[in-house]
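Colleague: This is the structure I have questions about; it appears just below.
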Ligand code: ADP
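Structure below.
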């Protein structure tokens, strides 16, 4: 049971997954909002039923699972539809991530929330005790994105620009991991924060 929960965020390809993996290696439970977003719409789930009630059965595939491509198209050109969808999914995703963190056996837990800044930061997640941002210069994000996802330079640029700025993310962060060099440089930063978070969690108990 962890009551000390750290929100982990960072821009696309900043290195969140790499940082998460290192915390997990130290025995810390990481609950991932992207994963939860897929889990809450599993076939048979109440969230999927609400989505089908709102958008019609055409958003379902023959096997009862969500037709993501169809839904994405629907909301792409229609902000009202997007907001309606988010009003259904966001509370369920947040509740799931929170429950996974609170149920963790580790001394503290990490909620990995890529769009934490865009979602409104701490006020939208009052159960986070701290926010940790993984930070990398835009040019570094861009280069990693090209290499990881094999996309065009223009699309990489658009994906980065569509997110909150580096400054906006840093403004909501209590702690920052700088990931602009060799991946090995992450380990000491992760271990130092892990020691601090264990001490904070101990003191809060
Ligand atoms: P995010 O989860 O923030 O999108 P990832 O952890 O997937 O980012 O990192 C993006 C890509 O960059 C991955 O392919 C990862 O292996 C690579 N990467 C992460 N950190 C570094 C680093 N310090 N040096 C070189 N490559 C890195």
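Numbering (the working numbering), first residue to last: 26 to 230.
We put the CB at the ideal spot given by N, CA and C, even for glycine.
Since this is a predicted model, take the numbers as computed values, not measurements.
Let me make sure I understand the geometry here. Which of 84, 220, 29 and 58 has the alpha-carbon closest to that of residue 117?
Modeller: Across the set 84, 220, 29 and 58, the C-alpha of 58 shows the shortest separation from the C-alpha of residue 117.
Colleague: What's the gap between the Cα of residue 69 and the Cα of residue 199?
Modeller: 39 Å
Colleague: Verify the contact flag: residue 38, CB atom, against every heavy atom of the ligand ADP, threshold strictly below 7 Å.
Modeller: Yes, the ligand ADP has a heavy atom inside 7 Å of this Cβ.
Colleague: Quick check: the Cα distance between residue 84 and residue 61, rounded to an integer number of angstroms?
Modeller: 19 Å
Colleague: Using 8 Å for Cβ pairs, my map puts residue 186 next to residue 142. What's the rounded Cβ distance?
Modeller: Between residue 142 and residue 186 the Cβ distance is about 14 Å, and since that is not below 8 Å, they are no contact.
Colleague: Below 8 Å CB to CB, which residues in the same chain sit around residue 76 once its five sequence neighbours on both sides are set aside?
Modeller: 66, 84, 91, 96, 110, 113 and 114
Colleague: Flag residue 35 as yes when its Cβ comes closer than 7 Å to any non-hydrogen atom of the ligand ADP, and as no otherwise.
Modeller: yes
Colleague: Under the assumption that residue 120 contacts residue 126 (Cβ atoms under 8 Å), give the Cβ distance between them as a whole number of angstroms.
Modeller: Actually they are not in contact, since the Cβ atoms of residue 120 and residue 126 sit about 11 Å apart, beyond 8 Å.
Colleague: On a CA-only basis, which of 89, 86, 123 and 80 is nearest residue 103? Give me that one, please.
Modeller: 80
Colleague: By a C-beta neighbour count over all protein chains shown, 10 Å radius and 16 as the cutoff for buried, is residue 50 buried or exposed?
Modeller: Exposed, by the Cβ-count rule.
Colleague: Is the CB-CB distance between residue 231 and residue 220 below 8 Å?
Modeller: Missing from the structure shown is residue 231; the chain here goes from 26 to 230 and no further.
Colleague: Please classify residue 291: is it buried, with 16 or more other beta-carbons within 10 angstroms of its beta-carbon, or exposed?
Modeller: The structure shown has nothing for residue 291, since the chain only spans 26 to 230.
Colleague: Between residue 154 and residue 189, what straight-line distance do the alpha-carbon atoms span, to the nearest angstrom?
Modeller: 21 Å
Colleague: The alpha helix (DSSP H) with residue 180 in it runs from where to where?
Modeller: In the DSSP annotation of this structure, the continuous segment of the alpha helix (DSSP H) that includes residue 180 starts and ends at 178-186.
Colleague: Less than 7 Å between C-beta atoms, sequence neighbours within five positions excluded: which residues of the same chain meet that for residue 195?
Modeller: 158, 160 and 201
Colleague: Classify residue 45 as buried or exposed, calling it buried when 16 or more other Cβ atoms lie within 10 Å of its own Cβ.
Modeller: buried
Colleague: When DSSP builds the beta bridges, which residues end up paired with residue 56?
Modeller: 136
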